[in-house]
Structure formats: structure tokens, C-alpha cells
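Quick note on numbering: the sequence shown equals residues 229 to 356 in our numbering.
Positions of the beta carbon are idealized from the N, C-alpha and C atoms, including for glycine.
Quick notes on the structure that follows.
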Amino acid sequence: MRLQIADLRIEPRICSRIAVDRDTEIHYEVYGADIAPIRLLLVNGVQQSCRMWILTVYALLRAQPKRVQICVFDGRGVGNSVLGPALENQRFSTKDLAADALLLLNHLGWSKDVWLLGCMSFCFKSIP
């Protein structure tokens with residue numbers, strides 16, 4: 229029997245947004261114990277939703293349910309994050325993503341003992 233994402237029964241402890249500026253809000257979710265010695269921020273590529281991490285979150289919580297807090301977030305203009313109309317066609321960089329991640333860490337009060345795991349997506353252009 230194969231595990232399907234829909235079969236996973238995990239809910240975030242926190243599911244919210246944080247304002248980056250007047251026109252931008254970043255969606256984030258926190259899973260795991262309220263107080264845990266291991267804090268992990270999972271960073272996805274610029275155009276990927278935080279839902280890409282659901283199997284990783286599930287596996288980590290199953291292995292270490294009381295020892296880990298995990299935060300995932302949607303970058304600007306992706307998933308459940310919000311962009312104002314003036315920013316809809318703007319391109320965002322990995323520098324923007326890094327600034328948003330730092331803002332989120334500060335918002336959560338995660339100032340030390342934080343692990344970071346990232347995944348970048350690559351785009352390929354076919355050459356005729």
C-alpha cells in the first residue's frame with residue numbers, strides 16, 4: 229500500500245501570515261512540540277509552495293514528535309502568501325526570500341539553535 233499525501237493526518241500548530249510590508253504577507257505553518265530542542269526552518273525554492281515539505285514534516289514528526297519544531301512558509305506570491313496588486317508582476321529573488329526567512333525567524337523568536345534545510349528548483353530552457 230502506497231502512502232498518499234491525503235492520508236497524512238498532520239495539522240500545523242500555527243497557521244498564519246506575517247506582514248512583510250504594506251502589500252505583502254507571507255504564509256507560514258509551524259508543526260511539532262511547542263517547546264522543543266530542535267528548531268528547523270524548511271525553505272523551498274522561489275516559486276514552490278511550502279506544501280512540498282509535507283512528507284518531510286510527517287517523517288520528522290513521526291521520528292521525533294517531542295524533540296522538533298518545524299516551520300515551513302510560502303514565498304512571496306506563492307501558495308497562501310498575499311501580494312498587493314502593485315506587486316503581482318514583480319519578480320522576486322533569493323535575496324528577497326532570505327530576507328523573508330529572517331523576518332519570520334525573528335517573528336517566531338527563533339534567534340539561536342535553528343537548523344535550516346533548503347531546496348532549490350532549477351529551470352531549464354530547451355535550446356532548438
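Whole-Å CB distance - residue i paired with residue j, under 8 Å assumed
{"i": "Gln297", "j": "Gly337", "result": "With 8 Å as the limit, Gln297 and Gly337 do not qualify as a contact, their Cβ atoms being about 11 Å apart."}
Length of the line joining the Cα atoms of residue i and residue j
{"i": "Gln275", "j": "Ile282", "result": "16 Å"}
{"i": "Ser244", "j": "Gly307", "result": "13 Å"}
{"i": "Phe352", "j": "Leu325", "result": "Since pLDDT at Phe352 reaches only 44, below the 50 mark, its modelled position is unreliable, and the value read off the structure follows with that caveat. Roughly 21 Å separates the two Cα atoms."}
{"i": "Gln292", "j": "Arg267", "result": "12 Å"}
Where the alpha helix (DSSP H) through residue i begins and ends
{"i": "Asp328", "result": "Thr322 to Leu336"}
{"i": "Leu288", "result": "Ile282 to Ala291"}
Contacting residues, own chain, Cβ-Cβ under 8 Å from residue i (five flanking each side not counted)
{"i": "Thr252", "result": "Arg304, Ser309, Val310, Leu311, Gly312 and Leu315"}
{"i": "Ile246", "result": "Glu253, Ile254, Tyr256, Leu331, Leu332 and His335"}
{"i": "Leu289", "result": "Ile238, Tyr259, Gly260, Val296 and Ile298"}
Among the options, the one whose alpha carbon lies nearest that of residue i
{"i": "Leu345", "options": "Ile254, Lys323, Val300 and Pro265", "result": "Val300"}
{"i": "Val258", "options": "Gly273, Glu239, Arg250 and Asn272", "result": "Glu239"}
{"i": "Tyr286", "options": "Trp343, Ile263, Leu236 and Ser339", "result": "Leu236"}
Own chain, CB closer than 6 Å to residue i, minus 5 neighbours either side, in chain order
{"i": "Met280", "result": "Asn272"}
Span of the beta strand (DSSP E) around residue i
{"i": "Cys278", "result": "Where Cys278 is concerned, there is no enclosing beta strand (DSSP E), given that its DSSP letter is neither H nor E."}
{"i": "Gly260", "result": "Thr252 to Gly260"}
{"i": "Gln318", "result": "Here Gln318 belongs to no beta strand (DSSP E), and DSSP marks it neither H nor E."}
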